[in-house]
Amino acid sequence: EQVRPHVEAYRLAGGRTLYLLAEGRLVNLAAGDGHPAEIMDMSFGVQVLALRYLVEHARKLPRDVIRLPGEVDEAVCRMRLEALGIAIDTLTPEQQAYLSSWQEGT
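Structure (structure tokens):
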């Protein structure tokens, strides 16, 4: 019997129930609803700003996989917050020091 979308229940002889997800296929592909528009627009925003960063810094960048500077992510986040009418404050030097002091495994 279908319990909910993409979930079927099979009653076994011993009284146990087997729940089959997405007809046994990959759940995230067969039953996924995708990301909401709010997530997609931020993702596309990061991609656009990453492309701009690449164009502006192409001659100085190594021919390698590089990490996108955090400022690009922060710019997208600030734009999204501004679009929502939300303002955030600036970190104090103490807060910045704390955030940058962590090490893996601590």
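Per this note's numbering, the sequence shown starts with residue 9, numbered consecutively. Don't be surprised by glycine CBs; every beta carbon is placed ideally from N, CA and C. What you are looking at is a predicted structure, and each value in this text was computed from that prediction instead of being measured.
Inter-segment contact for the region 51-66 and the region 25-41 is absent: fewer than three beta-carbon pairs are separated by less than 8 Å.
No Cβ-Cβ contact shorter than 8 Å links L99 with V80. Per DSSP, A38 lies in no beta strand (DSSP E); the unbroken alpha helix (DSSP H) holding it starts and ends at 35-38.
Excluding five sequence positions before and after A17, the CB atoms of its chain that fall closer than 6 Å to its own CB belong to E9, V11, T25, Y27, given in chain order.
In this structure I96 touches L89 by the C-beta definition: roughly 6 Å separates them, less than 8 Å. Exposed is the label assigned to V35, since fewer than 16 other Cβ atoms lie within 10 Å of its Cβ.
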